[in-house]
Amino acid sequence: MAEFVSGYLIPFAWILGKILLFVVPLLVAVAYVTYAERRIIGAMQMRIGPNVVGPFGLLQPFADAVKLLTKETVLPTGSSPVVFLLAPMVTFSLAMIAWAVIPISDGVWISNINVGILYLFAVSSLGVYGIVMAGWASNSRYAFLGAMRSAAQMVSYEVSIGFIMICVLLTAGSLNLTEIVNAQKGMWFFLPHLPMFIIFFISVLAETNRHPFDLPEAESELVAGFMTEYSSMAFALFFLGEYANMIMMSGVVTILFLGGWLPPVEALSFIPGFVWFALKISFCLFLMIWIRATFPRYRYDQLMRLGWKVFLPLSLVWLILTAGFLIYTGRVPV
Amino acid sequence: MIVASLAFYLFAFIAVVSALNVIFQRNPVHSVLWLILTFFNAAGLFVLLGAEFLAMLLVVVYVGAVAVLFLFVVMMLDINITMIREGFMKYLPVGAFIGIVLLVELALVYGGWVMSPQAEALRLAPTPDITQIDNTEALGRIMYTQYVYVFQAAGLVLLVAMIGSIVLTLRRRPGVRKQNISTQVNRRKEDTVEVVKAPVGKGIA
Chain L
18 MAEFVSGYLI
28 PFAWILGKIL
38 LFVVPLLVAV
48 AYVTYAERRI
58 IGAMQMRIGP
68 NVVGPFGLLQ
78 PFADAVKLLT
88 KETVLPTGSS
98 PVVFLLAPMV
108 TFSLAMIAWA
118 VIPISDGVWI
128 SNINVGILYL
138 FAVSSLGVYG
148 IVMAGWASNS
158 RYAFLGAMRS
168 AAQMVSYEVS
178 IGFIMICVLL
188 TAGSLNLTEI
198 VNAQKGMWFF
208 LPHLPMFIIF
218 FISVLAETNR
228 HPFDLPEAES
238 ELVAGFMTEY
248 SSMAFALFFL
258 GEYANMIMMS
268 GVVTILFLGG
278 WLPPVEALSF
288 IPGFVWFALK
298 ISFCLFLMIW
308 IRATFPRYRY
318 DQLMRLGWKV
328 FLPLSLVWLI
338 LTAGFLIYTG
348 RVPV
Chain V
3 MIVASLAFYL
13 FAFIAVVSAL
23 NVIFQRNPVH
33 SVLWLILTFF
43 NAAGLFVLLG
53 AEFLAMLLVV
63 VYVGAVAVLF
73 LFVVMMLDIN
83 ITMIREGFMK
93 YLPVGAFIGI
103 VLLVELALVY
113 GGWVMSPQAE
123 ALRLAPTPDI
133 TQIDNTEALG
143 RIMYTQYVYV
153 FQAAGLVLLV
163 AMIGSIVLTL
173 RRRPGVRKQN
183 ISTQVNRRKE
193 DTVEVVKAPV
203 GKGIA
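Protein chains in written order, with my numbering: chain L, 18 to 351; chain V, 3 to 207.
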């Protein structure tokens, strides 16, 4: 019995506690990203934005959550109910489980696996299922069109994301996220890989269905795309999943290119690592919101052209250049 | 170790159940979703074996790419479910034959692994120390040295298949207007705009 408690129960409780320590702040962060988005875009468009609920409108996300919770969940006729309700859950949980491997500071993680970056790539490539299932199960033309667009879009941009990840891996010499960050001591990878940093960021926008690539839910042509038939809590889960995905992909950008928890200069290392990590993620999120306020939506054929005919060849060439440079100068990390 | 074996039975059980569901579901889209669950549990079994690289590749390649295309195609097919049921007995012999062939092949592979002297040598070959080298690196070392030609040949086969399918589906349709970026960029003002001083009352012919 004592062995059971010390061998299984305590580690289990410890892991559970760590997961809660990650997920609860993450959910609060998701709520405030939605608030920040409305306020920032409001400021950029010379509006006020939500400012009534609570001081500075700070309680607005919770008011929205309560509103969505108390609404009725509508199941469309002819839909496939299990798949219909499974889809938002899939989207939401995928956005959460990615955090299992993300190190937010030196030595602060839930799990430190050898193939961390592959895990992240796998989780982000699964994101398409939630959308495709939603589109199919809704039994609606708009939802289905949105799902088809999204499937093609996400599969296309994953290819260039994969190649760019390989460029970073070659430079860092490891698939482990902690080691990738540690390899950036001295120089963050966004400097030597600057073109890839830009392409990666744009691909992240496409992967998370953000503006200017939000074709799956283009409201001017598809009502709300794959979310058309969703209401109440199911809609809230999709919404939360989308914003959690934004934070997750910003975290990936931070780890791969912006030096993770590392401070920009050594003198600032008295500030704890997770503060730097959060600051860098906020920077990426701000860029995403800024882009939303600035750019018009892409046309679908232009989006596909950009992914397959511009980003894919560019990232492939950069991969060959990186490998060639590393071998020629003898800098291949072992 | 109890947890590890419990996890094994959990993954194995779900894998078998979902594999059966792939066959027995009436709706083809549900079948594909069960297939995805099967892939996941296979990946879980790989993790339990300590082959985390293979597990992640299974998820990335099969679940993240291949199954998406499956789902894509199956969703767009307009399948009449009762008609599929009618053909069940007709295709049963062919399906059973393929199943038996696969079973015999699996038995041969396993038998070869147990009985063949070459396999004996392979099994006795020293495996790299797991504390020194992780299995991603071990895989890379063997794939890019000993089996590099086979590996490249596999890549070439895939490339040829890809080009083949592109050629098969490529067709030039008349009357479709496409955006040509280079002509748009190369357009000059002189080619398109002409400033004309129109005489009053006459216009331009």
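All C-beta atoms, glycine included, are put in the ideal place defined by N, C-alpha and C. Bear in mind the structure is a predicted one, so any value in this text is a computation, not a measurement.
**OP:** Express the C-alpha separation of Ile25 of chain V and Ile100 of chain V in angstroms, rounding to a whole number.
**Re:** 15 Å
Original post:
If contact means a Cβ-Cβ distance below 8 Å, which residues of the stretch 145-167 of chain V contact chain L?
Top reply: none
**OP:** Determine the chain L residues that contact Leu47 of chain V at a beta-carbon separation under 8 Å, and present them in chain order.
**Re:** Chain L residues near Leu47 of chain V: none, gap ~16 Å exceeds 8 Å.
Original post:
Quick one: what does DSSP say Val100 of chain L is sitting in, helix, strand or coil?
Top reply: helix
Subject >> Close Cβ partners of Phe48 of chain V (< 6 Å) along its chain, the five nearest in sequence each way excluded >> reply: Leu56 and Ala57
Original post:
Taking one C-beta from the stretch 18-32 of chain V and one from the stretch 217-235 of chain L each time, how about it: are there three or more such pairs within less than 8 Å?
Top reply: no
**OP:** Report the partner residues of Val125 of chain L according to the DSSP bridge assignment.
**Re:** L:Ser122
Subject >> Integer-rounded CB distance, given that Ile298 of chain L should sit under 8 Å from Ile264 of chain L >> reply: 6 Å
Original post:
Near Pro229 of chain L, which residues of its chain fall below 6 Å by C-beta distance, leaving aside the five closest residues on each side in sequence?
Top reply: Phe312, Arg314 and Tyr315
**OP:** Let me know the alpha helix (DSSP H) ranges lying completely inside the stretch 32-114 of chain L, each 4 residues or longer, listed in chain order.
**Re:** 77-86 and 98-114
Subject >> Continuous alpha helix (DSSP H) stretch holding Arg158 of chain L: start and end >> reply: Arg158 to Ala189
Original post:
Whose C-alpha, out of L:Pro120, L:Val140 and L:Thr87, is nearest the C-alpha of Leu111 of chain L?
Top reply: L:Val140
Original post:
Is DSSP giving Asn43 of chain V helix, strand or coil here?
Top reply: helix
Original post:
Got a sec? Which residues, its chain only, sit under 6 Å from Val292 of chain L by beta carbon, not counting five neighbours each side?
Top reply: none
Subject >> Near-chain C residues of the stretch 113-141 of chain L (beta-carbon distance less than 8 Å), N- to C-terminal order >> reply: This model lacks chain C altogether, as its protein chains are L and V.
**OP:** Measure the Cβ-Cβ separation of Phe177 of chain L and Gly324 of chain L and say whether it is below 8 Å.
**Re:** In the sequence as presented, Phe is not what sits at residue 177 of chain L; that position holds Ser. It is a contact, given that the beta carbons lie within the stated cut-off.
Original post:
When burial is assigned at 16 or more other CB atoms within 10 Å of the CB, is Arg189 of chain V buried or exposed?
Top reply: exposed
Original post:
When the cut-off is 8 Å and only beta carbons count, does Trp153 of chain L lie next to chain V?
Top reply: yes
Subject >> Segment contact flag, the stretch 234-253 of chain L with the stretch 143-155 of chain L, C-beta cutoff 8 Å, min 3 pairs >> reply: yes
Original post:
At a CB-CB cut-off below 9 Å, which residues of chain L make contact with Gln181 of chain V?
Top reply: Arg316, Asp318, Gln319 and Arg322
Original post:
Below 8 Å between beta carbons: does that hold for Asn43 of chain V and Ala17 of chain V?
Top reply: yes
Original post:
Taking all protein chains shown into account, do 16 or more other C-beta atoms lie within 10 angstroms of the C-beta of Ser332 of chain L, making it buried, or fewer, making it exposed?
Top reply: buried
Original post:
Which whole-angstrom value is the C-beta distance of Ile119 of chain L and Leu194 of chain L, which I expect to be below 8 Å?
Top reply: 7 Å
Original post:
Cα separation between Ile134 of chain L and Gly163 of chain L?
Top reply: 29 Å
**OP:** Look up Gln181 of chain V in the DSSP assignment and say whether it is helix, strand or coil.
**Re:** coil
**OP:** Kindly indicate which three-state DSSP category Thr225 of chain L falls into: helix, strand or coil?
**Re:** coil
**OP:** Specify, as a first and last residue, the run of the alpha helix (DSSP H) that Glu196 of chain L falls within.
**Re:** Leu194 to Asn199
Original post:
Quick one: is Ala223 of chain L near chain V, going by C-beta distance under 8 Å?
Top reply: no
**OP:** List the residues of chain V that Tyr52 of chain L touches, going by C-beta distances under 8 Å, in chain order.
**Re:** None at all; the shortest Cβ gap to chain V is about 32 Å.
**OP:** Locate the alpha helix (DSSP H) running through Trp293 of chain L, then write down its first and last residues.
**Re:** Gly290 to Thr311
Original post:
Are the beta-carbon atoms belonging to Ala69 of chain V and Leu37 of chain V less than 8 Å from one another?
Top reply: yes
Subject >> Whole-Å CB distance - Val145 of chain L paired with Met171 of chain L, under 8 Å assumed >> reply: 4 Å
Original post:
In chain L, what lies closer than 8 Å to Ala98 of chain V by C-beta?
Top reply: Near Ala98 of chain V there are no residues of chain L at all, since even the closest Cβ is about 31 Å away, more than 8 Å.
Subject >> Nearest residue (CA-CA) to Trp116 of chain L, options L:Leu137, L:Thr108 and L:Asn131 >> reply: L:Leu137
**OP:** From the DSSP output, in three-state form, read off Asn137 of chain V for me.
**Re:** helix
Original post:
When the distance is taken between beta carbons, is Ala253 of chain L closer than 8 Å to Ala82 of chain L?
Top reply: yes
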